[in-house]
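Chemist: Per my numbering, the sequence shown starts with residue -17, numbered consecutively.
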Amino acid sequence: MGVYQAVPEPGDAPGTAVQIVLVIEVPPGLSDSAPEAMRLADEFGTLISQWLPGVRAQKAVTSALGAQRQEPLVADRPTGLVIDLANRRVSIDGYPLRLAYREFALLAYLARIPHRTVSRETLLAHVWRDRHAGHADISDRTVDTHIRRLRAKLGEHAHVLTTVRGHGYRFDPGTPGHVRLTNG
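(1) Touch check for the region 93 to 100 and the region 142 to 152: three-plus C-beta pairs under 8 Å?
(2) What are the residues that DSSP puts in a beta bridge with Asp122?
(3) Please state if the CB of Pro78 and the CB of Gln40 are separated by a distance shorter than 8 Å.
(4) Does the beta-carbon of Glu85 have 16 or more other beta-carbons within 10 angstroms, so that it is buried, or is it exposed?
(5) Closer than 8 Å by C-beta to Trp110: which residues in its own chain qualify, once you throw out the five before and the five after it? Chain order, please.
(6) To the nearest angstrom, how far is the alpha carbon of Val175 from that of Thr144?
(7) For Gly156, which residues in the same chain have their Cβ closer than 8 Å to its Cβ, ignoring the five residues on either side in sequence?
(8) For Gly27, does the count of other Cβ atoms within 10 angstroms reach 16, so buried, or fall short, so exposed?
(9) Kindly indicate which residue of Val37, Ala42 and Pro35 has the alpha-carbon position closest to the one of Glu18.
(10) Using only the alpha-carbon positions, how far apart do Met20 and Ala90 sit?
(11) Name the two residues that bound the continuous alpha helix (DSSP H) containing Asp24.
(12) Could you please give me the residues that DSSP links to Leu163 through a beta bridge?
(13) Buried or exposed for Ile2, please, with buried defined as at least 16 other CB atoms from any protein chain shown within 10 angstroms of its CB.
(14) DSSP three-state call for Thr104: helix, strand or coil?
(15) Does the beta-carbon distance from Ala93 to Phe153 come in below 8 Å?
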């Protein structure tokens, strides 16, 4: 097994993403173990993406080496943003996204009513309903802070949370199929 890290060339622009590639070579005599190695590699990627916010792991890819080189085979995995309301889970391209309780509640509330602008006051009343208005740690900026954190965690899907200046926020799922709302 070898681990290789691909880093940007010195001339690359700052802010360029770094890709880290994990290569696991399964000897011919143990080729039956390849599916288990792929599963473990996927679990490793999931763990890393859970512990390092903003880091995204891609699905494990397998290819045959030597003269019979094939195109990589990628197992089926859901793509896009999936919001599972019943199980309170969010995933991007099949990888779980760790959200705080209020972050999930805010995203779920907006996702249930797509394309409708919701004021900060309404969000406070519904998502923070267990807190009373005027509570020391609750203000209109509380919503802004949670939206900012959600966008950071959503990465390339941050565009689903739209700011409507002077009015509030809305959920815009965009292209059909890239955002799915499920109930379990």
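All C-beta atoms in this analysis are idealised placements derived from N, C-alpha and C, irrespective of residue type, glycine included. As the structure is a computational prediction, the values presented were derived from the model and not from experiment.
Modeler: Put simply:
(1) yes
(2) Residue 122 sits at position 140 when you count from the first residue of the sequence shown. According to DSSP, which records beta bridges pairwise, Asp122 is partnered with nothing at all.
(3) Here residue 40 corresponds to residue number 58 of the sequence shown, with the count starting at 1. Here residue 78 corresponds to residue number 96 of the sequence shown, with the count starting at 1. Taking 8 Å as the Cβ cut-off, Gln40 and Pro78 do not qualify as a contacting pair.
(4) Position 103 of the sequence shown, counting from 1, holds the residue named residue 85. Counting Cβ neighbours within 10 Å, Glu85 comes out buried, since at least 16 surround it.
(5) Within the sequence shown, numbered from 1, the residue matching residue 110 stands at position 128. Excluding residues within five positions, the ones whose Cβ falls inside 8 Å are Arg84, Ile120 and Thr124.
(6) As displayed, the chain neither begins before -17 nor continues past 166, which places residue 175 out of reach and without an answer.
(7) Residue mapping note: residue 156 aligns to position 174 of the sequence shown, counting from 1. Closer than 8 Å at the Cβ level, and outside the excluded window around Gly156, lie His141 and Val142.
(8) Within the sequence shown, residue 27 is the residue found at index 45, counting from 1. Answer is buried; the Cβ neighbour count reaches 16.
(9) By 1-based counting over the sequence shown, the position of residue 18 is 36. Checked all of Val37, Ala42 and Pro35; the closest Cα to Glu18 is Ala42.
(10) Residue 20 sits at position 38 when you count from the first residue of the sequence shown. Residue 90 sits at position 108 when you count from the first residue of the sequence shown. If you take the alpha carbons of Met20 and Ala90, they lie about 32 Å apart.
(11) Here residue 24 refers to the residue found at position 42 when the sequence shown is read from its first residue. Element bounds for Asp24: Ala16 to Trp33.
(12) On the sequence shown, position 181 is the one that residue 163 refers to. Leu163 pairs with Ile65.
(13) Here the question's residue 2 lines up with position 20 in the sequence shown. Burial call: exposed.
(14) Reading the sequence shown from its first residue, position 122 is the one you call residue 104. In the structure shown, Thr104 sits in a helix (DSSP, three-state: H, G or I).
(15) Against the sequence shown, residue 93 aligns to sequence position 111. Against the sequence shown, residue 153 aligns to sequence position 171. Cβ atoms of Ala93 and Phe153: closer than 8 Å.
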